[in-house]
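Asker: Below are the structure tokens for one structure; questions will follow.
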Amino acid sequence: MTPARRATRSLTSNEMDVLRAWLSCGVPDAERLRAQLASGVEVYPSCDCGCPSIGFVHSDAAESTVGVGISDVSATVLDANGDPIGGIAFFTKGGELHDVDVYTFFDNFEFPTLDRVRFD
298 MTPARRATRS LTSNEMDVLR AWLSCGVPDA ERLRAQLASG VEVYPSCDCG CPSIGFVHSD
358 AAESTVGVGI SDVSATVLDA NGDPIGGIAF FTKGGELHDV DVYTFFDNFE FPTLDRVRFD
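For the sequence shown, my numbering gives the first residue as 298, with consecutive numbering after it.
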């Protein structure tokens, strides 16, 4: 299914908090990416497994841009004791937000709150 056909929504407060924190970690083009957050981007579930990974909705022109890149700044998802239980990878494409891939070693999890994220 293409992103245009998936149900879209606004970012949650948890997602926004994590993205803003990520963009304060020396991410290239951070100002441009921050502007996209401020413009009220729409997202969609980017994985069919039920995890909280999200993709960003873009115009057809932006989608045709070649080359998805992974950020040098990733994150570790922590449990209540501060132990690693997964991670987050941030992807951009053509200078725009593209995907946030969230994974853990457990099933049935939600997008982590900022206090459960450590940037690497």
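From the three backbone atoms N, C-alpha and C, an ideal C-beta is built for every residue, glycine too.
1) Take R317 and list the residues in its own chain whose beta-carbon comes closer than 6 Å to its own, dropping the five residues that flank it on each side.
2) On the DSSP letters alone, give me the boundaries of the beta strand (DSSP E) that D314 sits inside.
3) Taking 6 Å as the limit between beta carbons, can you name the residues of its chain near T410, skipping five residues before and five after?
4) Looking at V374: is its Cβ nearer than 8 Å to the Cβ of V414?
5) Between F376 and the rest of its own chain, which residues show a CB-CB distance below 7 Å, the 5 nearest in sequence each way excluded?
6) With which residues is S371 paired in a DSSP beta bridge?
7) Which first and last residues belong to the alpha helix (DSSP H) in which A327 is found?
8) Which residues in the same chain as G364 place their Cβ atom closer than 7 Å to its Cβ, once the five residues preceding and following it in sequence are excluded?
9) In angstroms with no decimal places, state the Cα-to-Cα distance between A301 and C322.
10) Taking the alpha carbon of L334 as the reference point, which residue from V354, E407, D369 and F403 has its own alpha carbon closest?
11) Ordered along the chain, which non-local residues of its own chain (more than five positions away) have a Cβ less than 8 Å from that of T305?
Answerer: Reading it off the structure:
1) none
2) D314 -> not in any beta strand (DSSP E); alpha helix (DSSP H) instead, spanning S310 to L320.
3) N311
4) yes
5) For clarity, residue 376 is Asp in the given sequence; the question names Phe instead. Excluding residues within five positions, the ones whose Cβ falls inside 7 Å are I382.
6) None; S371 has no bridge partner.
7) A327 to A335
8) For G364, where only same-chain residues beyond five positions count, the Cβ hits under 7 Å are K390.
9) Unreliable positioning characterises A301 in this predicted model, as indicated by a pLDDT of 46, which lies under 50. The coordinate reading is nonetheless provided below. About 31 Å.
10) V354
11) In chain order, E339, V340, Y341 and V354 place their CB closer than 8 Å to the CB of T305, counting only its own chain and leaving out the 5 sequence neighbours on each side.
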